[in-house]
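Number of protein chains: 2
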Amino acid sequence: MFTLFKRVLIGQPLKSKDLGEQKLNKTKALAILSSDALSSVAYGPEQILLVLMALGAVAYWLSIPIAIGILVLLVALVLSYRQIIFAYPHGGGAYVVSKENLGVNSGLLAGGALLVDYILTVAVSISAGTDAITSAFPSLHGYNVLIACLLVILITILNLRGLTESASVLAYPVYLFVAILFLTIAVGLYKVLTGQISPELHTSFGTPIAGLSLFLLLRAFASGSSALTGVEAISNAIPNFKSPAPNNAAKTLAAMGILLAILFSGIVFLAYYYGISPKVEETVVSQIASATFGRGVMYYIIQGITAMILVLAANTGYSAFPLLAVNLAKDKYIARMFTVRGDRLGYSNGILFLATASILLIIMFKGQTEHLIPLYAVGVFIPFTLAQTGMLVKWLREKPAGWRFKLTINAIGAAISFLVMMIFFITKFPQVWPVLIFLPLIVLFFRSIHKHYEDVGDQLRISSCEPHKPIEGNVFIIPVAGITHVVENTLNYAKSLHPDQIIAVYVAFDKESEKAFEEKWSHWQPDVRLVTLYSQYRSIIQPLTKFVDTVEYKAKESNFQVTVLIPQFIPKKQWHNALHNQSSLLIRAFLLYRRDLIVTTVPYHFKK
Amino acid sequence: MFTLFKRVLIGQPLKSKDLGEQKLNKTKALAILSSDALSSVAYGPEQILLVLMALGAVAYWLSIPIAIGILVLLVALVLSYRQIIFAYPHGGGAYVVSKENLGVNSGLLAGGALLVDYILTVAVSISAGTDAITSAFPSLHGYNVLIACLLVILITILNLRGLTESASVLAYPVYLFVAILFLTIAVGLYKVLTGQISPELHTSFGTPIAGLSLFLLLRAFASGSSALTGVEAISNAIPNFKSPAPNNAAKTLAAMGILLAILFSGIVFLAYYYGISPKVEETVVSQIASATFGRGVMYYIIQGITAMILVLAANTGYSAFPLLAVNLAKDKYIARMFTVRGDRLGYSNGILFLATASILLIIMFKGQTEHLIPLYAVGVFIPFTLAQTGMLVKWLREKPAGWRFKLTINAIGAAISFLVMMIFFITKFPQVWPVLIFLPLIVLFFRSIHKHYEDVGDQLRISSCEPHKPIEGNVFIIPVAGITHVVENTLNYAKSLHPDQIIAVYVAFDKESEKAFEEKWSHWQPDVRLVTLYSQYRSIIQPLTKFVDTVEYKAKESNFQVTVLIPQFIPKKQWHNALHNQSSLLIRAFLLYRRDLIVTTVPYHFKK
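Protein chains in written order, with our numbering: chain W, -8 to 599; chain A, -8 to 599.
And the structure:
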């Protein structure tokens, strides 16, 4: 049943040797690795306006200087990551850079923050994509959470089937998105320049604002910087580029930075000039699109492509999370199961974990993008800061040619990232405090897993061998519940192995049945020693384990090994199991955790 | 943890020999066995009025003739059950009577109906008890379902601790209830006779009613007969009476009938005379009490005692269900686990099953008594009818002295019960149709369980013996995952038993590791044969089972027994299990269901 269902859903299993790596050219790489960053413009500008709204529409002109600040931050980040690309041509990523330069704990902090972040990438992108859909079709507005969860499930199934980053089909929507936003911005600007948009709609630049505080300004800046999430993606994926990989990656990063800067500035400017106010039921991009083109075909195309690219951005979470999980698992910081490839060669455990976690987040936050974004953004700027600081340390330590210049760039990057992170903590503390609790817990968890795996390794290694105990004889204990074929079957097997002793044990609940059983046994199996135990509390496990412990204790003295043979009948149909007491399962479960006891299940299959 | 929790909740386990039987004298028996029947007057009269309400308050005088009809039914049932008491002094009950006289299917139908009914007894009584509480404290009205569920849990815990039918403490509330209702009725009648109650409140007897139909009249009659649920309880419990048991039981039954008749008539009359209309948020008994005594201390005492006796009535479900379940389980119609006594000597599986099912019902029906009662009542009249018909057949077959008279009584009983049942089906079909689907399914289910147990018995019995296969040699297969202490431990054990052959099996996911492992193995264990399997789909189970099947096939030819020894390491802490792949568990689960294969788990306990 389950197998069939799985086949239909994700397809036939693939052979290991089918695993091939396809290298990306720049055009494709730009499309695939930028969907996360570029799609951020669909919600980033809106976040600025949401904060400014507190001051009234009069404050919207502030979005322009704030946007300029964010562009500066973008330049700093792009330049810093460019250096990471050349320094770690095998795929840096905050985890590797921090671990190598700042020590294990920083690496784990970055790794943990990134894992959480990829989950948030999925939750945020899918929620924002759902917003784009429900903006276009307001009647769907009540079903946001449901639609978001269905989208996550869909994208999960596609990834389990093995939709890899290299699928060409994923490249088109990104370029379409860029093209259509360019068009929107161009048409918008044309309308502005030809005076088709009333200048009355917006307050003029520099209008004084009552109640303005540095706090609010910083808060708006921090919120807007969520548009920069995703810029690190290229530096993690250098090995996927065609050679010379670092050069190509650096060029792609630059191209992405330029595209992002243009789209972000254009949207912020149009939103300002159109005098757009954020609404719960319609996104800012949707408002710009309908103000520019009216609610016609063009509008629906824009919304559709925006939704699509946001879903694709979620997909970058699906590529990045399992890979980082594999890295952490190989370093023994998370469970080994994340390194196992599924039927279709994807890291299915990572994919499923990511899907479950992001669905939980979407449900917890009721699919409200603006509540998820602060967590997401702060989570992004922690690894940003750690990676830049790591680079700083690296330059200081290695001092290669021109290190002063490199150091300066990374120092600026680190300082700005750190500043943004602190602004987040200060201005959005009520929303981001959980990060301060969860991240240290995650690091602790990583470390305790690591310790366990190290311990296991030590104990398995043959070289570290404690001299093993010799086994000089065998004692078999067979719990019996009656005189039946099931017991007979087990006795035959036990005898065929010629152990030094076979002991049958019967647990009686009253004295009469104890007597009666002893009587019957002595006729049936006179050569097998029977021990009867009287259980006044009607428990089989308790007297049995006590007896086994006693035998075990004695056997140890002469280096004998004790094995318990459990007769178990296996019914023909699964549901029949519910009709039997399952004592054999219980006995096995209890005995297996006793020291130095071996448990054998001797099944007897029913034929009807 | 669980054990400790269990200890606190239900107490220390008791020894089997502590099980004693206490015989009941008539006074105590009346109290304990009648709580179900007597408490029915708390909701029975209300059900009549609920139906008449459709015709308007003008129709309430009809409750008097309907009540007379129900009293006739009561007399017929009491007389009929009196005969069952003498005919089945060991405790008849509809299941036994029907099975012996009408055949297995009828018996199972009666048994199934009764099981369902005891669940409904609990659900209805607890819901009605909750109504009594929320009538007194209207602010609790929104919490009906919660209160009802908590009451079920409370009574379940008490029963798991071993609150038996014989607890004297249970007798007092019943007599208190009878006494206080007598007092209410007496005071009410006094007020009526002294003219303190305005005769304007009720429409006079015989007022013509627009829209009256036979259908509605029958429906009201059927609804009111829910006051008779529980009269069968005494006939099921005869062995608990002091000797001469049947005589004492018959006298108790008569006393109960008289009490029930008086209470029922009194409440119906007062409700009519006071002109009481059923309300959602206040029960009829509550209205009578507040009309008679005002909302003073007396009122709250009445409500409290009513709630208490309704909870006690639920308790009769807790005595009856597990006992009937034991009878059915002994006859092999339901799972054997119902015959097992728990730590405190109660049949805990039955108790827990009953509790779960009734909580589900309460939640499904949102604790609305009037929606549960039709199902309950129809479920009661099915076994009534079957039992009476069974007696009829018995008299016809056995023809003892005076059989014509006995036959007449049971025939009348059977006819009336059948009539009431049919009235239920006809007038309340939209509410009771599920019974027509579920009861046949339950009977079918009983039979298929029976067949399974019979099959098992046949296959276990040594006498029916197919000649057993001799075991002429042993082959051990050991799946190995590496060169570790865990594997070494298993190999040592295998060697100590001197089987004819030991085969180690290694599943490789790529050709290089296959080669490398063979190399290492030949140095480490040159005397143990190693077979390596190459798995291109990264599955361990599949190639392993295929290999084991091949070995098994060959071994069979020379009567060799194949055993698979699974090396399994046991981590020190439970949560560590999540960090390992659990291949050994999977392998075991798959292999155990293969024919004629024995599976041994060789644990290796980690020390850290």
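All C-beta atoms, glycine included, are put in the ideal place defined by N, C-alpha and C.
A contact between stretches requires three or more CB pairs, one per stretch, nearer than 8 angstroms, and the region 211 to 221 of chain W meets this requirement with the region 34 to 45 of chain W.
Linking residue 125 of chain W to residue 355 of chain W through their CA atoms gives a straight-line distance of about 19 angstroms. Taking C-alpha positions only, residue 402 of chain W is separated from residue 380 of chain W by approximately 7 angstroms.
Residues 492, 493, 494 and 495 of the same chain have their beta carbon placed closer than 8 angstroms to that of residue 520 of chain A, with the five preceding and five following residues left out of the count.
At least one CB of chain A lies nearer than 8 angstroms to the CB of residue 479 of chain W.
In the structure shown, residue 466 of chain W falls within a strand segment according to DSSP collapsed to helix, strand and coil.
Listed along chain W, no residue sits closer than 7 angstroms to residue 174 of chain A by beta-carbon distance, the nearest being about 47 angstroms off.
Residue environment: residue 461 of chain W is assigned as exposed (fewer than 16 neighbouring CB atoms within 10 Å of its CB, all protein chains considered). Interface flag for residue 446 of chain W against chain A is set, since a Cβ pair is found closer than 8 angstroms. For residue 506 of chain W, no Cβ of chain A is located within less than 8 angstroms of the residue's own Cβ.
At a Cβ-Cβ threshold of 8 angstroms, residue 334 of chain A and residue 4 of chain A count as neighbours. Assignment of beta-bridge partners to residue 109 of chain A by DSSP yields no partner. Annotated as distal: residue 42 of chain A and residue 286 of chain A, with beta-carbon spacing of 8 angstroms or more. Within the region 31 to 46 of chain W, no residue has its Cβ closer than 7 angstroms to any Cβ of chain A. In terms of CA proximity to residue 344 of chain W, W:309 leads the group W:378, W:321 and W:309. At least one CB of chain W lies nearer than 8 angstroms to the CB of residue 594 of chain A. With a threshold of 16 other beta carbon atoms within 10 Å, residue 318 of chain W meets it and is buried.
Residue 597 of chain W has a beta carbon lying within less than 8 angstroms of a beta carbon in chain A.
Rounded to whole angstroms, the gap between the alpha carbons of residue 169 of chain A and residue 293 of chain A is 10 angstroms. Among the residues of chain A, those whose CB is under 7 angstroms from the CB of residue 4 of chain W are 528, following chain order.
With respect to chain A, the C-beta atom of residue 150 of chain W has no partner C-beta closer than 8 angstroms.
Between residue 232 of chain A and residue 15 of chain A, the CB-CB gap stays under 8 angstroms.
Between residue 179 of chain A and the set A:127, A:91 and A:264, the nearest pair of CA atoms involves A:264.
The C-alpha of residue 173 of chain A lies about 51 angstroms from the C-alpha of residue 526 of chain W. The residues 73 and 76, in chain order, have a CB closer than 6 angstroms to that of residue 241 of chain A in the same chain once the five nearest residues on each side in sequence are set aside.
For residue 309 of chain A, the uninterrupted alpha helix (DSSP H) run begins and ends at 288 to 321, by DSSP. Judged by beta-carbon spacing, residue 226 of chain A lies within the 8 angstroms limit of residue 84 of chain A, meaning their Cβ atoms are closer than that value.
Looking at the DSSP output, residue 596 of chain A shares a beta bridge with A:561.
Chain A has a Cβ within less than 8 angstroms of the Cβ of residue 332 of chain W. Collapsing the DSSP output to three states places residue 62 of chain W in a helix.
Taken through DSSP and simplified to helix, strand or coil, residue 577 of chain A comes out as helix. Annotation note: the region 121 to 170 of chain W contains the following uninterrupted alpha helix (DSSP H) runs of length 4 or greater, listed N- to C-terminal: 135 to 152.
By the CB criterion at 8 angstroms, residue 304 of chain W and residue 106 of chain W fall outside the cutoff. Under a 10 Å Cβ-count criterion, residue 135 of chain W is classified as buried, with 16 or more other Cβ atoms of the shown protein chains found around its own Cβ. In this structure, the beta-carbon distance from residue 429 of chain A to residue 423 of chain A does not fall below 8 angstroms. Around residue 299 of chain A, the same chain offers 164 as residues with beta carbons nearer than 6 angstroms, after the five sequence neighbours per side are excluded.
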